[in-house]
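Chains A and B, in that order, give the protein sequences. Its first residue numbered 483, the first sequence is counted upward by one per residue in my numbering. Its first residue numbered 483, the second sequence is counted upward by one per residue in my numbering. Okay, structure first, notes after.
2 protein chains.
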Amino acid sequence: MSKLYWEDFAKDEVSEHGPRTVSRNEIVAFAMEFDPQPIHLDDGAARASMLGGLSASGWHMCALAMRMMADGFLLNSSSMGAPGVDEVRWIAPLRPDDSITLRATVLNTRLSRSRPEMGFVTFRFDLVNQNGAAVMTMTSSLMLGRRQTGNTA
Amino acid sequence: MSKLYWEDFAKDEVSEHGPRTVSRNEIVAFAMEFDPQPIHLDDGAARASMLGGLSASGWHMCALAMRMMADGFLLNSSSMGAPGVDEVRWIAPLRPDDSITLRATVLNTRLSRSRPEMGFVTFRFDLVNQNGAAVMTMTSSLMLGRRQTGNTA
Chain A
483 MSKLYWEDFA KDEVSEHGPR TVSRNEIVAF AMEFDPQPIH LDDGAARASM LGGLSASGWH
543 MCALAMRMMA DGFLLNSSSM GAPGVDEVRW IAPLRPDDSI TLRATVLNTR LSRSRPEMGF
603 VTFRFDLVNQ NGAAVMTMTS SLMLGRRQTG NTA
Chain B
483 MSKLYWEDFA KDEVSEHGPR TVSRNEIVAF AMEFDPQPIH LDDGAARASM LGGLSASGWH
543 MCALAMRMMA DGFLLNSSSM GAPGVDEVRW IAPLRPDDSI TLRATVLNTR LSRSRPEMGF
603 VTFRFDLVNQ NGAAVMTMTS SLMLGRRQTG NTA
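Below, the structure written as structure tokens:
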């Protein structure tokens, strides 16, 4: 696959990445390091909570989505990072042994006004489990280098 | 310190948590697992990038902020999780051996309309380095149980 530049992303384009299975050990290891709330660590506490059972930290879902993005297309692109994230919604619990797919939809693309060598691609990302249910949605604008740098058009 | 409930958070209140020092090994380990872009893994590639040197994944900053939130007050509260995040801005690079502090400002509080036993507290979080520069800001509404459940007021 040839390297992807800003020009290669078009509004309304959808791509799917994964699937990836997430183990209980991964969920607990992430939670112990970054989000040690009982609902992410302890079955008993998790069953008694709103979520009704052990589930991954929402930040773990974000990190997994990032990895699927990287493997799916970013590592083969002119990615220049991202200024942030516009919105994250944690919709449903991510459970041990769930198998997740990342669906990336291009909402729009635009050139940078201040840096002619790059542009922005705004994505909506949906992290979907093996039952087709979205567990997380996220909107973020990524910065990508243009194929023909120097063209200030 | 007595356990914190929704009633214990007041608009405009500011609290600070940390500091915490972040090592190069931590930055590289997180990136290898979740965000294996060269700017987070390789000094040469990082120096040649917009960021001018190795820096942590933005998602690592989020995960570190979560841990500082947990240790700072959430684990001693009636936290019931969060529906998501409204906005994350990655403002400046987080470098190896930086020492970060999390400043939490209460933007507003409100009761849940559908669940009388809980309320929302909307925070702005600023992750600040040892030079006083914000490396990340984030806005998020957390769900917290009320002290007196059953009062549907």
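The beta-carbon is built from N, C-alpha and C at its ideal position, and this holds for glycine as well.
Does any C-beta atom of chain B lie closer than 8 Å to the C-beta of residue i?
| i | result |
| --- | --- |
| Asp580/A | no |
| Pro571/A | In the sequence as displayed, the identity of residue 571/A is Arg instead of Pro. Closer than 8 Å: yes. |
| Ile521/A | yes |
| Ala527/A | no |
| Ala552/A | yes |
| Thr503/A | no |
Does the ligand HEM have even one heavy atom less than 7 Å from the beta-carbon of residue i?
| i | result |
| --- | --- |
| Trp541/A | Ligands are entirely absent from the displayed structure, and the ligand HEM is therefore not among its contents. |
Looking at the strands, I want to know which residues DSSP matches up with residue i.
| i | result |
| --- | --- |
| His499/B | Leu584/B |
| Trp572/A | Met618/A |
| Arg592/B | Phe602/B |
| Gly534/B | Gly534/B pairs with nothing; no bridge assigned. |
| Asp608/A | Arg585/A and Thr619/A |
| Gly566/B | Arg571/A |
| Ser559/A | Leu486/A |
First and last residue of the alpha helix (DSSP H) that includes residue i?
| i | result |
| --- | --- |
| Ile511/A | A small correction: the amino acid at residue 511/A is Ala; Ile does not occupy that position in the sequence shown. Element bounds for Ala511/A: Arg506 to Phe516. |
| Phe597/A | The identity of residue 597/A in the sequence shown is Arg, whereas the question assumes Phe. Careful: Arg597/A lies outside any alpha helix (DSSP H) and carries neither H nor E. |
| Trp541/A | Gly540 to Gly554 |
| Ala528/B | Asp525 to Arg529 |
Can you name the start and end residues of the beta strand (DSSP E) that residue i belongs to?
| i | result |
| --- | --- |
| Leu624/A | Ala616 to Gly627 |
For residue i and chain A, any beta-carbon pair shorter than 8 Å?
| i | result |
| --- | --- |
| Val617/B | no |
| Leu642/B | In the structure as shown, chain B starts at 483 and stops at 635, and residue 642/B therefore has no counterpart that could be examined. |
| Gly563/B | yes |
| Ala530/B | no |
| Ala635/B | At Ala635/B the pLDDT is 44, less than 50, meaning the model places this residue with poor confidence and gives no usable figure here. |
I want to verify the contact list: residues of chain A whose CB lies under 8 Å from the CB of residue i, in sequence order.
| i | result |
| --- | --- |
| Met471/B | Only positions 483 to 635 of chain B appear in the structure, and residue 471/B is not among them; the question remains open. |
Interface residues of chain B around residue i at Cβ under 9 Å?
| i | result |
| --- | --- |
| Gly566/A | Gly540, Glu569, Val570, Arg571, Trp572, Ile573, Met618, Thr619 and Met620 |
So residue i contacts chain B; which residues on that side make the cut at Cβ distance below 7 Å?
| i | result |
| --- | --- |
| Gly601/A | Result: empty, since nearest Cβ-Cβ is about 14 Å, beyond 7 Å. |
| Ala586/A | Near Ala586/A there are no residues of chain B at all, since even the closest Cβ is about 16 Å away, more than 7 Å. |
Taking Cβ-Cβ distances shorter than 9 Å, what residues in chain A pair up with residue i?
| i | result |
| --- | --- |
| Ala545/B | Phe512, Glu515, Phe516, Asp517, Ser539, Trp541, His542, Cys544 and Ala545 |
Cβ contact (3+ pairs, closer than 8 Å) linking the region 615-627 of chain A and the region 486-501 of chain B
No: fewer than three Cβ pairs fall under 8 Å.
Between the region 586-599 of chain B and the region 577-585 of chain A, do three or more beta carbon pairs fall short of 8 Å?
no
So does the region 565-582 of chain A actually touch the region 606-616 of chain A, counting three or more Cβ pairs closer than 8 Å?
Yes, the region 565-582 of chain A is in contact with the region 606-616 of chain A.
Does the region 519-533 of chain A touch the region 484-498 of chain B, meaning 3 or more C-beta pairs lie closer than 8 Å?
no
Would you say the region 532-542 of chain A touches the region 538-551 of chain B, given that touching needs at least three Cβ pairs under 8 Å?
yes
With three or more C-beta pairs closer than 8 Å as the rule, is the region 599-608 of chain A touching the region 596-610 of chain B?
no
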